[in-house]
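Order-wise, the sequence lines are chains E and A. Letter by letter, the first sequence follows residues 18 to 295 of the working numbering. Letter by letter, the second sequence follows residues 5 to 342 of the working numbering. The beta-carbon is built from N, C-alpha and C at its ideal position, and this holds for glycine as well. Bear in mind the structure is a predicted one, so any value in this text is a computation, not a measurement.
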Amino acid sequence: MNGEPDEDGGGRSPAPVLEARGLCKSFGSVRALIDVNLDLYPGEVLGLMGDNGAGKSTTVKILAGALQPDAGEIRINGRPVSLRGPIDARRAGIETVYQDLAVVPMLDVAENVFLGREVRRRGPLGVLRALDKRTMRRQAAEHLRALNVGIHSVRQRVDTLSGGQRQGVAVGRAVAFGRHIVIMDEPTAALGVRESRRVIELIQLIRRRGLSVILISHNLPQVLEISDRIMVLRNGRRVGVVRTAETDMQQVVRLITGAEVLDQPAAQGSEGWAGGEA
Amino acid sequence: MADDPVETVPPVRRTRLAAVRAAAARQVMAISWIGVLAGIVVIGAIATYTAPCGCFLTGDNLLTTAQEFSYIAIAALGGAMVIMTRGIDLSVGANMAFTGLITATLLSRFHLHPVAAVAIGLALGLGAGLLNGLLITVAGMQPFIATLGTMSVFRGLALVYSQGFTLYPPASFTALGQGHLGPIPNPFVILVGLTVLLSAFLSGTALGRHVYAVGGNEDAARLLGIEVERVKVFVYVLAGLLGAVGGILLMSFLGSANPGAATGYELDVIAAAVIGGVSLFGGEGTLFGTVLGAALIQEIQNVLLLERVPGYWTTLVVGLVILGAIGVDQVRRRLRRT
């Protein structure tokens, strides 16, 4: 088997930056996620693939703090974390670029980059403290310049930007604040060829900075091009994890369609922490 | 705007110039109140030369007009912020009548110190706003339905409490609403002060920006960790409080508190906001524009009066202006998308 690279090497040197064990989530009678394990190593790009309804979005939302799992545990750098909301996830160093970008069209670029964690001036007024717009604009401009996404002024309203530029704002936000992990949910779904190319370069740039990326995508050639490993979900279960260098399109398609299964449900259920928990 | 080297991302020169120019044009389009200001100036200029009395551009007429629209404009500051979050507050007129009535009673029947009476009146308005906010966030009601209900509740409370009678505050209390600071009527002074203060709040604080974020893209705001429900409750509370300010000032100016006072003001508030460039789709608009919107409505009424147009025409003209403002808003949105 060329799968299971994350389980067979329990004692290898780079410890995973993110470990999720036994994630379960149901919506009413629908079991969206069944006992899913996920490991993410420092500086790697993990492609997360699967058909519609396979559980990709649910996994992403749990890791982004937008959904709470019914069962399961998440560790970051070995420490258990509880992600009760998007703020918790952001504090834990996980940034998410959402499929619909999560930008506010009427606010300007700098305001969007800093939305929800504005820099405020010192003062006694609590929530009414004045914003430090100068600092936010300067920092936002620095981050976006480093990404080279072609935004002319951070004072531009986001509704005056093109789709690719908006993507740049969303990615810039994630990179500016992500300390460990950037999750990208279908980042190229709404983009043209040239802009998609640009996003792929951005992902490579993020990796070079030592961040880990979880890339959710339907675009198989793209995932094969930039990922280090590919994890496939089907009907809420993990059906396999493969090293990108050791697989090909045919195998990934077989996993997605259910023609091949690498992870046996029973084996997955017995899997535990390296050091043993209980 | 894009000349500050620190805030710009320098790409290729030529495309940059074009892009900056396009962006500048869009920014001007984004200043939603420019059209209203132009309207006010043009109507004023016409009235100055055509009004038979020749009295449009006199201190007396302008100050009286300023006085008359202040109550609605103060309430509209709150209404505008509610609309910016994609909500609506239909209860503000009833709130104005109710808080004015209670404040008048506290003064005349219970002989409370004016400061205490006004404080209680304001607290009541705040409580009314809190009720709206909680019905919408905690109980999950549609803003339109929730405030339609509380509109009747507040108006009903005013009727039950007064038994339909008009109540009168002590004559001394009319100094608040009828007084002047120099030549400027007190209500207008308060309006200007509140507009400056609240505009600074909206543009200069995180909570103020979150008002726009909640209205502009509620899902994004939530995903980015903004406490959307708290922002909403906050704007309804503010709207209730500002309604009480307007209601108490109106009662003081009139020297009477009528349970039927301020009927229909909730719609004038919405009209002022919409004419002033606040979009009913949320996330958009300014308080300055809202005040201009209220001023334009009052100016139209004033000018029709001076031009000796029968009063029946006023409502019709204001209606056409509202439709015109919405039309402009539509065009602006379409232009921005392209």
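| query | result |
| --- | --- |
| Distance CB(A:L308)-CB(A:V321) smaller than 8 Å | yes |
| Bridge partner(s) assigned by DSSP for E:S229 | E:I198 |
| Extent of the continuous alpha helix (DSSP H) to which A:V119 belongs | 118-141 |
| Beta-carbon gap between E:R172 and E:A106 smaller than 8 Å | no |
| Residue environment, A:I149, which counts as buried when at least 16 other CB atoms sit within 10 Å | exposed |
| Start and end residues, alpha helix (DSSP H) containing A:G220 | 210-220 |
| Residues near E:I104 by beta carbon distance below 8 Å, same chain, minus five either side | G82, G133 |
| Short CB-CB distance (under 8 Å) between E:E135 and chain A | yes |
| Where A:A108 meets chain E, residues with beta-carbon distance less than 8 Å | Per Cβ cutoff of 8 Å: no residues; A:A108 is ~32 Å from chain E at best. |
| Interface flag, E:G286 vs chain A, CB-CB below 8 Å | Confidence in E:G286 is poor, its pLDDT being 43 and thus under 50, which makes the residue's placement too unreliable to answer from. |
| Exposure of A:L345, with buried meaning 16 or more beta-carbon neighbours within 10 Å | No answer is possible for residue 345 of chain A: the residues shown for chain A start at 5 and end at 342. |
| Any chain B beta carbon closer than 8 Å to E:Y115 | Absent from the structure: chain B. Protein chains present are E and A. |
| Assigned exposure category for E:G180 - 16 Cβ within 10 Å defines buried | exposed |
| Classification of A:R312 by the beta-carbon crowding that lies within 10 angstroms, buried from 16 upward | exposed |
| When A:A77, A:T54, A:P56 are compared against A:T290, the one with the closest alpha-carbon | A:A77 |
| Pairwise C-alpha distance: A:G268 and A:G125 | 21 Å |
| Segment contact, 8 Å Cβ cut-off, at least three pairs: the segment 203-219 of chain A with the segment 109-116 of chain E | no |
| Per-residue DSSP class, three states only, for E:I168 | coil |
| DSSP three-state assignment for A:D2, whether helix, strand or coil | For chain A, the structure presents residues 5 to 342; residue 2 of chain A sits outside this window and is missing. |
| Contacts of E:M123 in chain A (Cβ-Cβ under 7 Å) | Y216, G220, G287, E288 |
| Beta-carbon proximity of A:A276 to A:I304, cut-off 8 Å | no |
| Whether E:I198 touches E:I91 by CB criterion (8 Å) | no |
| CA-to-CA distance, A:G280 to A:L296, given in whole angstroms | 6 Å |
| Within chain E, the residues that A:G229 reaches when beta carbons sit closer than 7 Å | G102, P103, I104, R107, G133 |
| 8 Å Cβ cutoff, A:E11 in contact with chain E | Reliability fails at A:E11, whose pLDDT of 49 lies under 50, so the model's placement of it is uncertain and the value that follows must be treated cautiously. Yes - at least one Cβ of chain E is within 8 Å of the one on A:E11. |
| A:R90 versus E:D245 - alpha carbon distance | 44 Å |
| Within chain A, partners of E:L148 - CB distance below 9 Å | S207, G208, T209, A210, G212, R213 |
| Sequence-distant residues of its chain with Cβ nearer than 6 Å to A:A102 (five each side left out) | Here residue 102 of chain A turns out to be Phe, not Ala, going by the sequence shown. Contacts found: F158, L161, A162. |
| Within chain E, the residues that A:A49 reaches when beta carbons sit closer than 8 Å | What A:A49 touches in chain E: nothing, since even the nearest Cβ is about 32 Å away. |
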